[in-house]
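Enquirer: Residues 40 to 445 in our numbering are what the sequence shown spells out, letter by letter.
Glycine included, C-beta positions come from ideal geometry on N, C-alpha and C.
Questions regarding the structure given below will be posed in turn.
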Amino acid sequence: MRFEEKISPFQPQDPVVPEKFEGREEIIEFYLPYLYQSSKSIPQHFFISGKRGMGKTSLANYFKDIAEKKYKMVGIHVFNDGIHDVDSLIHQIVERLLNEIVKEKWSSKIINSFKKHVKSVGFAGANLELNNDKETINHLKDNFAFVLEEIISKFEDKDGLLIIVDDLNGLSDNPNFANWYKSFADTLSTRFKNKIPLAMILASYPEKLEKLHQHNPSFTRIFKHIKVEKLKNNEIQDFFIKTFKLSDIQIKNDALELMVHFSSGLPNMMQEIGDGVFWVNTDKCIDYNDALKGIIRAGNEIGFKYLERDLDSSIRSDKYLDIFNKLGLNFFTQDLEKDYSFRKSDIAHLLTEKEEKVFGHFLKRARDLKIIEYKGAKRSGHYTFTNNLYPIYFLIKSLEQQSEEI
Ligand SMILES: Nc1ncnc2c1ncn2[C@@H]1O[C@H](COP(=O)(O)OP(=O)(O)OP(=O)(O)O)[C@@H](O)[C@H]1O
Ligand SMILES: [Mg+2]
């Protein structure tokens, strides 16, 4: 096959498709029964929290696939990034829902009942637009549980509704969303207990959940909380083996070990490494050298996509970058299961005299830029990276330096 005709089976740029979703079996086994119950008219609320790129959207999408295929539910996934008010969220949810069901034979009854709120409908019912006037939105917002019940009661060959609200981000800025959601959930449980087959999945960062909690402490109580954390090494190993197999490519053991090691539990890093290795490999077998080159390629991608904007010029100056790379190298020689925390004494033996002198400034600058933070008490001298991709990135950078020197 010619190089430009290769198609990568990896997806470093998107949430993974359900067919290639790997791991998280305990979460799925634990929460799936609740999702099933929602299709039997016991409403459920889930909150998926996890750091950037940890796989929140992929997991929500995996649940949606099961809800649609196994439990015969209608699923909609709204992305809320950039939205800061409840009105826009409601508008988006209802509009998405109407557009999702418009293809069903039984949908005309529902669409007709919304007639006075619909602005325009495209060809064959596609691209239905909902009015955006205050009156319409207030009606939907104040009666959201009733509106959903009314819609779902008209479903014919579907057993319920799953709504995913992804990237809550801006909605955590003020108390409106937390308060509105709480009263929506209360209405569901008082008026529609065991009467409405509905599941809600919200997804966001842990600090946003914390903010919502501060706005309304009862908010947190509504949900079943799903925390997405690192993948296990054996899950990552399976992912590489299976995904390369799709392109009929085998992986040598030492290469596999290296790729798993550098993925360090992070699903976005794993996809990036798989993709990087895929593109540097030229035959049906991945050896240690292919893996090394692919990892360096992946590190540069990750650096560009996630980190470089935060690494301002002061940090990128040679003296600081060298310190970071030494930190990275130091982690490489240790057990990667650890949490990438460090103290000066951990790397003092690697620093030059000059680096030793600027080390205090280096720590302050890195803290100001939120690349590192105190682990535990302030001024404890114990630091950790704010994002696990940082140490991996520096690790790969130092590896790159070494491989250039050879
Ligand atoms: N279980 C999984 N199996 C395989 N790949 C995964 C899995 N989970 C996540 N990924 C991959 O990791 C990357 C990040 O996933 P995803 O977009 O779902 O994360 P996220 O937590 O929603 O990120 P963000 O915080 O940016 O919204 C994607 O490339 C995705 O393909
Ligand atoms: Mg996401």
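Helix, strand or coil for A416 per DSSP?
Expert: Here residue 416 refers to the residue found at position 377 when the sequence shown is read from its first residue. Three-state DSSP puts A416 in coil, outside helix and strand.
Enquirer: Near ligand 2, which residues have their beta-carbon closer than 7 Å to a heavy atom?
Expert: Having a Cβ closer than 7 Å to some heavy atom of ligand 2 are P54, K95, T96, D205, D206 and A242.
Enquirer: Does V319 come out as helix, strand or coil in the three-state DSSP assignment?
Expert: Here the question's residue 319 lines up with position 280 in the sequence shown. Reduced to three states, the DSSP call for V319 is helix.
Enquirer: How is K228 classed by DSSP in three states: helix, strand or coil?
Expert: By one-based count along the sequence shown, residue 228 stands at place 189. Looking at the sequence itself, residue 228 is Ser, so the reference to Lys does not match. If DSSP states are grouped into helix, strand and coil, S228 belongs with the helices.
Enquirer: To the nearest angstrom, how far is it from the Cα of I312 to the Cα of I87?
Expert: What you label residue 312 is simply residue 273 of the sequence shown in a count that begins at 1. What you label residue 87 is simply residue 48 of the sequence shown in a count that begins at 1. Their backbone Cα atoms lie some 25 Å apart in a straight line.
Enquirer: Apart from the five residues on each side of it in sequence, which residues of its chain come closer than 8 Å, Cβ to Cβ, to E376?
Expert: Stepping through the sequence shown from its first residue, residue 376 is reached at position 337. A caution first: E376 carries a pLDDT of 49, below 50, which makes its placement in the model too unreliable to give a value.
Enquirer: For K154, tell me which candidate among E168, K142, V55 and Y70 has the shortest Cα-Cα distance.
Expert: Sequence index remark: in the sequence shown, residue 154 carries index 115 (1-based). Looking at the Cα atoms, E168 is the closest of the given residues.
Enquirer: When we look at the beta-carbon of R382 and count the other beta-carbons within 10 Å, is it buried (16 or more) or exposed?
Expert: Numbered from 1 along the sequence shown, position 343 holds the residue referred to as residue 382. Result: exposed.
Enquirer: Are the region 119-134 and the region 256-267 touching, with three or more C-beta to C-beta distances below 8 Å?
Expert: Touching, no.
Enquirer: Where does F185 fall in DSSP's three states?
Expert: Taking the first residue of the sequence shown as position 1, residue 185 is located at position 146. F185 falls in the helix class under three-state DSSP.
Enquirer: Please report the residue range of the alpha helix (DSSP H) in which F278 lies.
Expert: In the sequence shown, counting from the first residue as 1, residue 278 sits at position 239. Looking at the DSSP string, the run of the alpha helix (DSSP H) that includes F278 is N272 to L285.
Enquirer: Does DSSP put M309 in a helix, in a strand, or in coil?
Expert: The residue labelled residue 309 in the question sits at position 270 within the sequence shown. In this structure, M309 counts as helix in the three-state DSSP scheme.
Enquirer: Could you give the first and the last residue of the continuous alpha helix (DSSP H) run that contains F132?
Expert: Numbered from 1 along the sequence shown, position 93 holds the residue referred to as residue 132. It is worth fixing the name first, because residue 132 is Ile in this sequence and not Phe. Run containing I132: V125 to I140, per the alpha helix (DSSP H) assignment.
Enquirer: When you compare each of F216, T229, M239 and E44 to M112 by their alpha carbons, which one comes out closest?
Expert: For this step, residue 112 is matched to residue 73 along the sequence shown. The shortest Cα separation from M112 among F216, T229, M239 and E44 belongs to M239.
Enquirer: So what does DSSP say about S380, is it helix, strand or coil?
Expert: Here residue 380 corresponds to residue number 341 of the sequence shown, with the count starting at 1. It is a strand residue.
Enquirer: Among P430, Y70, M308 and L390, which residue has its Cα nearest to the Cα of G94?
Expert: Your numbering for residue 94 matches position 55 in the sequence shown. Cα-wise, what sits closest to G94 is M308.
Enquirer: Within 6 Å: the Cβ of R348 and any heavy atom of ligand 1?
Expert: For the purposes of this step, residue 348 is identified with residue 309 of the sequence shown, where counting begins at 1. No.
Enquirer: Are the beta-carbon atoms of A217 and N255 separated by less than 7 Å?
Expert: Translated into the one-based positions of the sequence shown, residue 217 becomes position 178. Translated into the one-based positions of the sequence shown, residue 255 becomes position 216. Yes. Within cutoff.
Enquirer: Take A184 and list the residues in its own chain whose beta-carbon comes closer than 7 Å to its own, dropping the five residues that flank it on each side.
Expert: Here residue 184 corresponds to residue number 145 of the sequence shown, with the count starting at 1. So the qualifying residues of the chain are F223, T226, L227, R230 and F231.
Enquirer: According to DSSP, is F85 helix, strand or coil?
Expert: Taking the first residue of the sequence shown as position 1, residue 85 is located at position 46. Here F85 sits in strand by DSSP.
Enquirer: Rounded C-beta distance between T423 and K409? I'm assuming under 8 Å.
Expert: Along the sequence shown, read from residue 1 onward, the residue named residue 423 stands at position 384. Along the sequence shown, read from residue 1 onward, the residue named residue 409 stands at position 370. Contact doesn't hold; Cβ gap of about 12 Å is too wide.
Enquirer: Leaving aside the five residues before and after N100 along the sequence, list all residues of the same chain whose C-beta is less than 7 Å from its C-beta, in chain order.
Expert: One-based indexing of the sequence shown puts residue 100 at position 61. If we look at N100 and ignore the five residues flanking it on each side, its Cβ neighbours are P54, P57 and H116.
Enquirer: Cβ atoms of L366 and I386: under 7 Å apart, would you say?
Expert: As a working mapping, residue 386 is identified with position 347 in the sequence shown. As a working mapping, residue 366 is identified with position 327 in the sequence shown. Cβ distance < 7 Å, so I386 and L366 count as in contact.
Enquirer: Mind reading off the beta-carbon distance from A106 to L201? Whole number of angstroms is fine, and I expect it under 8 Å.
Expert: The count along the sequence shown starts at 1 and reaches residue 106 at position 67. The count along the sequence shown starts at 1 and reaches residue 201 at position 162. Contact holds; Cβ gap of about 4 Å.
Enquirer: If contact is defined by three or more beta carbon pairs under 8 Å, each pair taking one atom from either stretch, is the region 436-443 in contact with the region 389-396?
Expert: No, the region 389-396 is not in contact with the region 436-443.
Enquirer: When DSSP labels each residue in this structure, what does S356 get in the three-state scheme?
Expert: Counted from its first residue, the sequence shown places residue 356 at position 317. The answer is coil: DSSP assigns S356 none of H, G, I, E or B.
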